[in-house]
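Read top to bottom, the protein sequences are chains A and B. So in numbering that gives the first Met the number 0, spot 340 of the first sequence is number 339, and the numbers just go up one at a time. So in numbering that gives the first Met the number 0, spot 32 of the second sequence is number 31, and the numbers just go up one at a time.
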Amino acid sequence: MPFLGQDWRSPGWSWIKTEDGWKRCDSCSQELRSENGQYTINHSIILNNGEEEIFSNECEYAAKKRKKEHFGNDTAAHSFYREKWIYVHKESTKERHGYCTLGEAFNRLDFSSAIQDIRRFTYVVKLLQLIAKSQLTSLSGVAQKNYFSILDKIVQKVLDDHQNPRLIKDLLQDLSSTLGILVRGVGKSVLVGNINIWICRLETVLNWQQQLQNLQMTKQVNSGLTLSDLPLHMLNNILYRFSDGWDIVTLGQVTPTLYMLSEDRRLWKKLCQYHFAEKQFCRHLILSEKGHIEWKLMYFTLQKYYPTKEQYGDTLHFCRHCSILFWKDYHLAWLLKDSGHPCTAADPDSCFTPVSPQHFIDLFKF
Amino acid sequence: MPSIRLQGSDGEIFEVDVELAKQSVTIKAMLEDLVMDDEGDDDPIPLTNVNVAILKKVTQWCTHHKDDPPPPEDDENKEKQTDDITVWDQEFLKVGQRTLFELILAANYLDIEGLLNVTCKTVASMIKEKTEEIHKTFTVESDFTEEEEAQMRKEKLV
């Protein structure tokens, strides 16, 4: 393994190869150092006292045995230190030469565990979608491999728990059209790797789209409560939580009660006010015969002209002081008072800004 | 720790810590109305709409959330957020649909805002982005006839 350290002064790390790629091995390196330390002490004993030869052989054997146990024990000994932050810099300094690319950030920020968290899932999917639209060729080969393996995990997750299917279908649609253009139009000089890999990827994406299309919800045999057993104000509570008008329309087609609730003017008014501004209402005002505002029609009209509001449970954050992009690790923050990256600011919280998916892409544009 | 006794809809008695029980606005109001003296302690509070199994689940949730700060005033933006559920709550709510709906009804009856919020968010995120499968996902017996359903599907493209 070639030397890979943070900058030219650091001693480097120990690495272990796993199915997800190379992982840095932090506790191993510490133990190895301590074992090596003992080893050198024994060695010095040998040098000083020739009669201790037998003793030194035993020590050597013991050290080797310990090492074997250490590496043999897969789960217990290896703790993988996964840093979830990256220093974003655009010019060279004395210590670091070069700049940080989108691909590096993509590899470093550990999206494969982020998708398991429901709060980060839609954010990561949106990021992948933006990359699929325009940035796929700017990723390095490893980053592209990483991209597709994360996508695979996402598709498997959706096939398992049936949540967010429309989101993923949109992503795959964008990706398949980009891949189609790349394979047929752009040519081998731009694409990293053998053209057959790309054809293979396109086929995989088409395959996934087919699987999602065939996704059949299993009929739940439920002898107890169902959705329609909930009282009206509960159903209303749920309707008011949708941020996409199509979800409201779809739910309204299930029973007449839900239909009546889904036609409520206040519901659509709230939805319009959530996504769009007053100015935008005035330009596309639709009035009924009696002079009331037709909020439902306005929603679908406004949606054609203006982008809808994006809101995510959890996003990446950028520390303006350290110029570092990171995930806030709430668990660590509570345990160790660590915000998710080694922050040197006097007042950390004031330096953090959330990063929208588009902003993330823009950070790496030159 | 003083505790009070609650009687579920199936008649079974369940004992719970008073401070935990006060997370339920309904129980808190009942306690303030009742005269609590030594003899009165023996009378359990009847909760006719909640069975003991669900009561135990609710207590489990309240125990974990007992140190939560009170939720902020109704934030317009937060109303549409369905994915800001903590990991513990996500695991807690990985239960069957029947239990989930019973939890919603219990949270509504006992008036526990946090639990109601998180259960409704979960149901909303289950319904989102599905199309005709909602019938199957929630085994809702459709009240519409087949012709009416076909007509509605045609009109869907309004």
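We put the beta carbon where it would ideally sit given N, CA and C, even for glycine.
Local conformation of residue i per DSSP, three classes
{"i": "G179/A", "result": "helix"}
{"i": "S139/A", "result": "coil"}
{"i": "P353/A", "result": "strand"}
{"i": "R240/A", "result": "coil"}
{"i": "I196/A", "result": "helix"}
{"i": "C271/A", "result": "helix"}
{"i": "P158/B", "result": "Here chain B covers residues 0 to 157 and nothing more, so residue 158/B does not appear."}
{"i": "I292/A", "result": "strand"}
{"i": "T256/A", "result": "helix"}
{"i": "L234/A", "result": "helix"}
{"i": "L92/B", "result": "coil"}
{"i": "L286/A", "result": "strand"}
{"i": "F363/A", "result": "coil"}
{"i": "I206/B", "result": "There is no way to answer for residue 206/B, as the model of chain B reaches only from 0 to 157."}
{"i": "E112/B", "result": "helix"}
{"i": "K129/B", "result": "coil"}
{"i": "S23/B", "result": "coil"}
Residue i, buried or exposed, once every other Cβ within 10 Å from all chains shown has been counted against 16
{"i": "T249/A", "result": "buried"}
{"i": "P68/B", "result": "exposed"}
{"i": "Y298/A", "result": "buried"}
{"i": "W207/A", "result": "buried"}
{"i": "V94/B", "result": "exposed"}
{"i": "V253/A", "result": "buried"}
{"i": "S2/B", "result": "exposed"}
{"i": "H232/A", "result": "exposed"}
{"i": "Q143/A", "result": "buried"}
{"i": "C281/A", "result": "exposed"}
{"i": "F54/A", "result": "Bear in mind that a pLDDT of 41 at F54/A, under 50, signals an unreliable position, so the model cannot answer this."}
{"i": "T17/A", "result": "exposed"}
Backbone CA spacing between residue i and residue j [nearest angstrom]
{"i": "S174/A", "j": "E202/A", "result": "It should be noted that the sequence gives Leu, not Ser, for residue 174/A. About 11 Å."}
{"i": "S355/A", "j": "Q209/A", "result": "30 Å"}
{"i": "K152/A", "j": "S139/A", "result": "20 Å"}
{"i": "K269/A", "j": "D243/A", "result": "12 Å"}
{"i": "R97/B", "j": "W60/B", "result": "17 Å"}
{"i": "Q279/A", "j": "Y305/A", "result": "8 Å"}
{"i": "K83/A", "j": "E103/A", "result": "12 Å"}
{"i": "R200/A", "j": "V157/A", "result": "19 Å"}
{"i": "C350/A", "j": "F359/A", "result": "17 Å"}
{"i": "S8/B", "j": "K55/B", "result": "13 Å"}
{"i": "H64/B", "j": "I103/B", "result": "17 Å"}
{"i": "N50/B", "j": "S227/A", "result": "20 Å"}
{"i": "H283/A", "j": "L135/A", "result": "37 Å"}
{"i": "F241/A", "j": "F325/A", "result": "29 Å"}
Option in the options with minimal Cα separation from residue i
{"i": "N236/A", "options": "W245/A, N213/A, S261/A, L224/A", "result": "S261/A"}
{"i": "I149/A", "options": "N193/A, S111/A, W12/A", "result": "S111/A"}
{"i": "W21/A", "options": "C342/A, R107/A, Y86/A", "result": "R107/A"}
{"i": "V57/B", "options": "F91/B, V86/B, K27/B, K79/B", "result": "F91/B"}
{"i": "L266/A", "options": "S287/A, I292/A, C281/A", "result": "I292/A"}
{"i": "Q80/B", "options": "P255/A, T343/A, Y122/A, Q310/A", "result": "Q310/A"}
{"i": "P255/A", "options": "H274/A, Y273/A, W245/A, L234/A", "result": "L234/A"}
{"i": "L115/B", "options": "I126/B, E101/B, K127/B", "result": "E101/B"}
{"i": "T121/A", "options": "D159/A, Q143/A, P164/A", "result": "P164/A"}
{"i": "P45/B", "options": "E14/B, D66/B, P71/B", "result": "E14/B"}
{"i": "T388/A", "options": "H320/A, A345/A, H161/A, P341/A", "result": "Only positions 0 to 365 of chain A appear in this structure, which leaves residue 388/A out of reach."}
{"i": "H340/A", "options": "K16/A, H316/A, D361/A", "result": "H316/A"}
{"i": "L257/A", "options": "W197/A, Q302/A, L166/A, P230/A", "result": "P230/A"}
{"i": "I12/B", "options": "V24/B, A52/B, E31/B, K27/B", "result": "A52/B"}
{"i": "D313/A", "options": "Y108/B, T121/B, K129/B, I84/B", "result": "I84/B"}
{"i": "E18/B", "options": "M0/B, A105/B, G10/B", "result": "M0/B"}
Residues that residue i bridges to, as DSSP identifies them
{"i": "L126/A", "result": "L126/A pairs with nothing; no bridge assigned."}
{"i": "S322/A", "result": "Beta-bridge pairing links S322/A to no other residue."}
{"i": "E11/B", "result": "E11/B pairs with nothing; no bridge assigned."}
{"i": "D16/B", "result": "S2/B"}
{"i": "H316/A", "result": "F325/A, P353/A"}
{"i": "Y305/A", "result": "Per DSSP, none; premise fails for Y305/A."}
{"i": "Y86/A", "result": "I323/A"}
{"i": "L205/A", "result": "DSSP, once it has assigned bridges, lists no residue as partnering L205/A."}
{"i": "G20/A", "result": "T17/A"}
Proximity test, Cβ basis, 8 Å: residue i and chain E
{"i": "T203/A", "result": "Among the protein chains in the structure shown, which are A and B, there is no chain E."}
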